[in-house]
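Chemist: Protein chains in written order, with the UniProt record's numbering: chain V, 1 to 379; chain L, 1 to 227.
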Amino acid sequence: MPTNNTTTENTESIETTEKGLYAKFHLQHSNTKSSGFALNVDLTLPESGVTAIFGQSGSGKTTLLRCIAGLERAQQGHFMMKGEIWQNDTIFLPTHKRPLGYVFQESSLFTHLTAKGNLDYAIKRSGIPLPPNLYEQVIDLMGIESVLAHNSQQLSGGEKQRVAIARALLIQPKILLMDEPLASLDNARKQEILPYLEKLRSTLKTPILYVSHSVEEVMRLADHVVLMQDGKVATQGHVEEVFSQLKSPLLVNSDTGVIWQGKIIEQDDKWHLSKVSCAGSDLWIRNNGDTLGQNVRVRILATDVSLTLTYHEDSSILNRLPVKVLEIVADKDPAMALVRLQTKQNTLIARLTYRSVEHLALTEGKVLWAQIKSVALVR
Amino acid sequence: MLSASDLEAIWLTFKVATTVTVILLLIGTPIAWWLARTRSRLKGPVGAIVALPLVLPPTVLGFYLLIAMGPNGFIGQLTQELGIGTLPFTFWGLIVASVFYSLPFVVQPIQNAIEAIGERPLEVAATLRAGSWDRFFTIVLPLAKPGFITAAILGFTHTVGEFGVVLMIGGNIPGQTRVVSVQIYDHVEALEYDQAHKLAAIMVIFSFLVLLGLYSFQRKNTLWGAK
């Protein structure tokens, strides 16, 4: 289980790593504006899929991304991507020599160009001939056909961000860096763009580093999660694993919940339900129009899980699973406890009052039933 | 209408102002760029030096330039080394003096326009593989264009309107340093009010039209710089 806090490889083995992304940065801000902030990371990241860099504001996640892009220069930095060195003690590739795409938090379109002019700016400079159909594919993926001729200032916030993502893709990057691409948008715009990002993650082979402070975005998009806290990596691992832990105070809040990967194995047309099999635990969810056999990701919030000592047939709850108590952790709210539970092969978290904990006499290792009130399909 | 010497003065003024504007755009742009983006402690002093001609009497500026460009001044010794002789009371002496005199009128609008662009568009361009020259020509120039146009107009008109510095450094040599403002002064001294009137009226109309054009241009664009 790769839940190590910081990787402790030595330099020699790093230099020979031909796979994955290796990032090590030490950066100290000395100006008074952000006095005391230091970034200290030493990470090896997977070379494919979406890696979310997740944390509260001020945790250093944007600074980490900017260091990787070369927009900020760490006093000590090493960055290597698939054996290609971007920065070490002697080398510092300027940003424009790094084969990356970058999507900024706020709209970053060039205001003196049209939407298409912005895309052409990237195409001209990518240094790689544009493969046939890529342009059409990207335009289609981001759904921006109708706004291409518009001046970039005329676009809505969501459209601007979709054009900016398309522009970053057309540079044909080896890695796509996204710095809270949805943070500057209101919730409706976020919901408008999220499906495009989901399409992106399933179509694109390019690895994506996605900085975010939103649990929802991370749960929907990420394969791998790096949890940042005070300029350091608090924990990292597969998204299911990171969110099934209660180690970091960041993970203990009203959003606490677990993510399960599963597959739709049965459709119930009479009740409009789908059965999802998640590593040996079957769940009934509302039929969202997904097809049989499709891989899905579901999220179960801790507040939607309750515990019973016996199997209750006489309940409106559809999903009941046998579980074993792994640990009981204090919530921020003194009345509440978070209980980590083991299902067949997954982890589940339930949020209960301490009174219930005592009433059910919960202790580590106790076996009982979890009732899951609601399961959200996140993808 | 206008005498031959009046026409000569107008032509000379135009030549001086055009030359100075071109030179100022070339040297003012890097200065403005540096002032807009540096975090150096020298930003304050350099900015103040550039702005000095705004507040100094032209005679003070002219006086020091006269000394510097004279046979014993550092510019004068340099030009003598190069075999050009000394610059005071020549066309190029006038150009050098005018460049200093009009510098703030060119640097400040460009500096403001570049500051208004901010860091972000340049960072974006860098992530799109644009090197520094590419970024300057494809991002900074188009976004700061209103600032550059304002700078060129102000540099040109301010040079047309100078008088004190010309007298100190250029004197009154026909075809060399006798620009319109000096010519008007000569007419008045010789009590040729008629001719002074004509030239003065031309100056007023020219300046008014240029400023009118500038302000209506700036109203279309944001004042001084890019949006």
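From the three backbone atoms N, C-alpha and C, an ideal C-beta is built for every residue, glycine too. Treat the numbers as computed from the prediction; the structure is a model and nothing was measured.
Taking threonine 95/V as the query, report the chain L residues whose CB atoms sit under 8 Å from its CB, ordered along the chain.
Modeler: Within the first sequence, numbered from 1, the residue matching residue 95/V stands at position 95. Here the neighbours are Glu123, Ala126 and Thr127.
Chemist: Can you give the Cα-Cα distance for isoleucine 175/V and glutamine 137/V, rounded to whole angstroms?
Modeler: Within the first sequence, the letter at position 175 stands for residue 175/V. Within the first sequence, the letter at position 137 stands for residue 137/V. Cα to Cα, the separation comes out at about 18 Å.
Chemist: Which word fits lysine 160/V, buried or exposed, when buried means at least 16 other C-beta atoms lie within 10 angstroms of its C-beta?
Modeler: Position 160 of the first sequence, counted from the first residue, corresponds to residue 160/V. Buried is the call here.
Chemist: Is it right to say proline 207/V is buried, meaning 16 or more other beta carbons lie within 10 angstroms of its own, or is it exposed?
Modeler: The count along the first sequence starts at 1 and reaches residue 207/V at position 207. Buried: at least 16 other Cβ atoms inside 10 Å.
Chemist: Does arginine 120/L pass the burial test, meaning 16 or more other C-beta atoms within 10 Å, or should it be called exposed?
Modeler: Along the second sequence, one-based indexing puts residue 120/L at 120. Exposed: under 16 other Cβ atoms inside 10 Å.
Chemist: Please report how far the alpha carbon of asparagine 5/V lies from the alpha carbon of alanine 330/V, in whole angstroms.
Modeler: Translated into positions along the first sequence, residue 5/V becomes position 5. Translated into positions along the first sequence, residue 330/V becomes position 330. Note that asparagine 5/V scores a pLDDT of 43, beneath 50, so its modelled location is shaky; the value from the coordinates is reported in the next line. Rounded to whole angstroms, asparagine 5/V to alanine 330/V spans 22 Å at the Cα level.
Chemist: In this structure, how does DSSP classify proline 322/V when only helix, strand and coil are distinguished?
Modeler: Working through the first sequence from its first residue, we reach residue 322/V at position 322. Correct three-state label for proline 322/V: strand.
Chemist: Span of the beta strand (DSSP E) holding valine 339/V?
Modeler: Translated into the one-based positions of the first sequence, residue 339/V becomes position 339. It spans 336–342 - the beta strand (DSSP E) in which valine 339/V sits, taken as one unbroken run.
Chemist: Strictly below 9 Å CB to CB, what residues from chain V border arginine 120/L?
Modeler: For this step, residue 120/L is matched to residue 120 along the second sequence. Simply Phe104, Glu106 and Ser108.
Chemist: Got a sec, what are the start and stop residues for the beta strand (DSSP E) glycine 213/L sits in?
Modeler: For the purposes of this step, residue 213/L is taken as residue 213 along the second sequence, with counting starting at 1. Here glycine 213/L belongs to no beta strand (DSSP E); instead the alpha helix (DSSP H) covers 193–220.
Chemist: How would you list, in chain order, the residues of chain L whose beta-carbon sits under 8 Å from the beta-carbon of arginine 125/V?
Modeler: Within the first sequence, the letter at position 125 stands for residue 125/V. Simply Leu128, Arg129, Ala130 and Asp134.
Chemist: Does chain C have any CB closer than 8 Å to the CB of leucine 42/L?
Modeler: Included in the structure are the protein chains V and L, with no chain C among them.
Chemist: Taking beta-carbon pairs under 7 Å, can you tell me which members of the stretch 140–156 of chain L lie near chain V?
Modeler: Result list: Pro142 and Leu143.
Chemist: Can you give me the Cβ contacts of lysine 366/V inside the same chain, cut-off strictly under 6 Å, excluding the 5 residues immediately before and after it?
Modeler: Position 366 of the first sequence, counting from 1, holds the residue named residue 366/V. Within the same chain, lysine 366/V has close Cβ partners Val325.
Chemist: Mind checking whether isoleucine 49/L and phenylalanine 110/V have CB atoms under 8 Å apart?
Modeler: Stepping through the second sequence from its first residue, residue 49/L is reached at position 49. Stepping through the first sequence from its first residue, residue 110/V is reached at position 110. Not closer than 8 Å, so no.
Chemist: Label serine 315/V either buried or exposed according to how many other C-beta atoms from any shown protein chain fall within 10 Å of its C-beta, with 16 as the threshold for buried.
Modeler: Here residue 315/V refers to the residue found at position 315 of the first sequence. It counts as exposed.
Chemist: Hey, glutamate 327/V and glutamate 364/V are a contact pair by Cβ (cut 8 Å); roughly how many whole angstroms apart?
Modeler: Position 327 of the first sequence holds residue 327/V. Position 364 of the first sequence holds residue 364/V. That pair is a contact at about 6 Å.
Chemist: When we look at the beta-carbon of glutamate 217/V and count the other beta-carbons within 10 Å, is it buried (16 or more) or exposed?
Modeler: Taking the first sequence and counting its residues from 1, the one referred to as residue 217/V is at position 217. Glutamate 217/V should be labelled buried.
Chemist: Counting contacts by CB-CB distance shorter than 8 Å, is tyrosine 121/V in contact with chain L?
Modeler: Counted from its first residue, the first sequence places residue 121/V at position 121. With 8 Å as the cut-off, tyrosine 121/V counts as an interface residue toward chain L.
Chemist: Name the DSSP bridge partner or partners of serine 281/V?
Modeler: By one-based count along the first sequence, residue 281/V stands at place 281. Partner(s): Cys278/V.
Chemist: Do isoleucine 285/V and valine 375/V have their beta-carbon atoms positioned less than 8 Å apart in this structure?
Modeler: Sequence index remark: in the first sequence, residue 375/V carries index 375 (1-based). Sequence index remark: in the first sequence, residue 285/V carries index 285 (1-based). In contact: valine 375/V and isoleucine 285/V (Cβ atoms closer than 8 Å).
Chemist: Can you pull the chain L residues whose beta carbon is under 9 Å from the beta carbon of glycine 101/V, in chain order?
Modeler: Taking the first sequence and counting its residues from 1, the one referred to as residue 101/V is at position 101. In chain order: Thr127 and Leu128.
Chemist: In the stretch 204–242 of chain V, which residue ranges form an unbroken alpha helix (DSSP H) of at least 4 residues, counting only runs that do not cross its ends?
Modeler: If we require 4 residues or more, the alpha helix (DSSP H) runs fully inside the stretch 204–242 of chain V come out as 215–221 and 239–242.
Chemist: On the three-state DSSP scale, how would you describe histidine 26/V?
Modeler: Residue 26/V sits at position 26 when you count from the first residue of the first sequence. It is a strand residue.
Chemist: Is it the case that the stretch 34–53 of chain V contacts the stretch 225–233 of chain V, given that we only count it when at least three CB pairs across the two stretches are under 8 Å?
Modeler: The stretch 225–233 of chain V vs the stretch 34–53 of chain V: in contact.
Chemist: Does any residue of chain L bring its CB to less than 8 Å from the CB of residue 410/V?
Modeler: In the structure as shown, chain V begins at 1 and stops at 379. Residue 410/V is therefore absent and cannot be evaluated.
Chemist: Which complete alpha helix (DSSP H) runs does the stretch 23–63 of chain L hold, if anything under 4 residues is left out?
Modeler: You should have 43–55.
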